[in-house]
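Report on one structure; see the data block that follows.
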Amino acid sequence: VLRGGRVVGTEERSSIDRRSLVRMMVGRDVLLDFEKSTKEPGTTVLEVEDLTVKNDKNLEAVKSLSLNIRSGEILGIAGVAGNGQRELAEAIYGLRKPVHGTIRLNSKTLRHTDVAQRIRAGVAFVPQDRRALATCPSLSITENMFMKNAHTKYIPQSPFNVDFRAMQKATERLVSEYSISTPSTKTQARFLSGGNLQKLVLARELSTKPTVIIAEHPTRGLDVGAMEFVYKSLLAHKDRGAAILLLAGELYEIFRLSDRVAVMYEGQIMGYTPPDPKYTEGIGFMMAGSKQEEIA
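The sequence shown begins at 70 in my numbering and counts up by one.
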């Protein structure tokens with residue numbers, strides 16, 4: 070077993086269990102199964118109504134889709150990759166213009182392609198590509214931490230200009246709080262590991278206590294220790310009252326985190342289920358194109 074570039078142990082395959090192997094890989098016990106809060110979700114925060122969105126090939130990727138998420142709720146989207154999940158997330162965040170439809174936040178209609186409006190309204194986005202979309206590799210950790218905050222009150226100001234010293238101190242606090250492993254906050258983002266880069270994105274997006282969180286494959290490519298951190302972060306913000314849209318490729322992750330599961334196929338919601346593995350077969354049918362009412 071390698072950890073931190075060093076061999077930390079060698080065991081016979083027949084003599085080691087999964088928990089012990091994970092402990093050797095991470096250096097501590099890791100808990101991936103959490104007790105979710107039983108608190109009832111609050112009022113509806115995010116509403117998507119009759120939304121149609123085209124993909125980069127100018128084909129309809131999201132087709133007359135409607136959904137809603139309440140405060141203190143995680144809605145997990147299950148589906149085979151390429152069935153409109155990315156286009157849905159980008160349209161909600163304002164990165165992709167819908168053909169038609171309405172997106173409301175706390176009953177207020179959002180303009181179709183106004184990302185700044187969403188940032189100010191408290192919408193956070195954790196995109197699936199943390200290197201190409203979520204960060205700028207050539208900028209420092211501090212610069213990446215504050216790159217979107219020109220649209221909010223969270224960028225420190227001095228009497229004359231931006232208070233860079235305060236930005237530095239705030240970044241150091243977040244690096245410590247989110248356990249980002251780096252020699253310096255001046256380090257360029259491209260030198261961070263995938264797990265530490267994702268922690269940077271989470272620190273930037275979640276430290277402002279957003280109202281809505283769009284999390285697109287938030288644990289893809291991460292080790293089990295980083296996965297545990299992501300799970301804890303999302304559940305903590307759910308308990309705080311955030312409305313969370315979780316798009317993930319693994320059903321076990323959706324079951325662990327979600328309060329409701331929506332199944333998406335060819336840009337449409339085929340049905341909803343509770344987050345329980347006993348519904349796996351039905352979810353599989355819906356992922357293949359069957360509507361919920363067609364499943365016996």
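Cβ atoms here follow ideal geometry from the backbone N, Cα and C, with glycine treated the same way.
Proximity to Asn218 [Cα-Cα], best of Arg75, Thr240 and Ser207: By one-based count along the sequence shown, residue 218 stands at place 149. The shortest Cα separation from Asn218 among Arg75, Thr240 and Ser207 belongs to Thr240.
Where Gly141 falls, given that 16 or more other Cβ within 10 Å makes a residue buried: Along the sequence shown, read from residue 1 onward, the residue named residue 141 stands at position 72. Buried.
Bridge-paired residues (DSSP) for Arg173: Translated into the one-based positions of the sequence shown, residue 173 becomes position 104. Bridge partners of Arg173: Glu116 and Thr178.
CA nearest to the CA of Val192, picked from Ala284, Glu212, Leu320 and Arg75: Sequence index remark: in the sequence shown, residue 192 carries index 123 (1-based). Here the closest residue by C-alpha is Ala284.
Sub-9 Å separation of Pro287 and Leu303 beta-carbons: Looking up residue 287 in the sequence shown gives position 218. Looking up residue 303 in the sequence shown gives position 234. A contact, by the Cβ cut-off of 9 Å.
Within 9 Å, strictly: CB atoms of Ala147 and Ala331: One-based indexing of the sequence shown puts residue 147 at position 78. One-based indexing of the sequence shown puts residue 331 at position 262. A contact, by the Cβ cut-off of 9 Å.
Beta-carbon spacing of Ala160, Val131 below 9 Å: As a first step, residue 160 is located in the sequence shown; it is residue number 91 there, counting from the start. As a first step, residue 131 is located in the sequence shown; it is residue number 62 there, counting from the start. In this structure, Val131 lies closer than 9 Å to Ala160 by Cβ.
As assigned by DSSP and simplified to three states, the class of Asn152: Indexing the sequence shown from 1 puts residue 152 at position 83. Coil at Asn152, not helix or strand.
Whole-Å CB distance - Leu174 paired with Val114, under 8 Å assumed: Start at 1 with the first residue of the sequence shown, and residue 174 comes out as number 105. Start at 1 with the first residue of the sequence shown, and residue 114 comes out as number 45. At roughly 7 Å, the Cβ-Cβ gap stays under 8 Å, so Leu174 and Val114 are in contact.
Simplified DSSP state of Asn213, which is helix, strand or coil: As a working note, residue 213 is residue 144 in the sequence shown. Reduced to three states, the DSSP call for Asn213 is helix.
Sufficient close CB pairs (3 or more, under 8 Å) joining the region 121-129 to the region 266-278: no
Best match in His169, Glu274, Val117 and Lys123 for proximity to Pro196 [C-alpha to C-alpha]: Position 127 of the sequence shown, counted from the start, is the residue given in the question as residue 196. When each option's Cα is compared against that of Pro196, the closest is Glu274.
Ile138 - partner residues in DSSP beta bridges: The sequence position of residue 138 within the sequence shown is 69, counting from 1. Answer is Leu115.
Element boundaries [beta strand (DSSP E), containing Gly78]: The residue labelled residue 78 in the question sits at position 9 within the sequence shown. It is not in any beta strand (DSSP E) - Gly78 carries neither H nor E in the DSSP assignment.
Completely contained alpha helix (DSSP H) runs for the region 281-344, where each covers 4 or more residues: 293-309 and 320-326
Contacts around Tyr341, its chain only, beta-carbon distance under 8 Å, and the 5 residues preceding and following it disregarded: The sequence position of residue 341 within the sequence shown is 272, counting from 1. Closer than 8 Å at the Cβ level, and outside the excluded window around Tyr341, lie Arg329, Val330, Ala331, Val332 and Gln361.
Which of helix, strand or coil DSSP assigns to Ala201: As a position in the sequence shown, residue 201 is number 132, starting the count at 1. Correct three-state label for Ala201: coil.
Backbone secondary structure at Val168 - three-state DSSP: On the sequence shown, residue 168 is found 99 positions in, with the first residue counted as 1. It is coil, neither helix nor strand.
Identity of the residues DSSP links to Ala185 by a beta bridge: One-based indexing of the sequence shown puts residue 185 at position 116. Note: Ala185 sits in no beta bridge, so no partner.
Residue from Arg289, Gly151, Phe215 and Thr277 with nearest C-alpha to Asp198: Residue 198 sits at position 129 when you count from the first residue of the sequence shown. If we check each option's Cα against that of Asp198, Arg289 comes out closest.
Beta-carbon proximity check, Lys105 vs Leu271, cutoff 9 Å: Residue 105 sits at position 36 when you count from the first residue of the sequence shown. Residue 271 sits at position 202 when you count from the first residue of the sequence shown. No, they are not a contact pair.
Run of the alpha helix (DSSP H) containing Ala239, from where it starts to where it stops: Against the sequence shown, residue 239 aligns to sequence position 170. Looking at the DSSP string, the run of the alpha helix (DSSP H) that includes Ala239 is Phe233 to Glu246.
DSSP-derived helix/strand/coil call for Ser250: If you number the sequence shown from 1, residue 250 lands on position 181. Coil, per DSSP.
Euclidean distance between Cα positions of Arg200 and Ser209: In the sequence shown, counting from the first residue as 1, residue 200 sits at position 131. In the sequence shown, counting from the first residue as 1, residue 209 sits at position 140. Approximately 13 Å between the Cα atoms of the pair.
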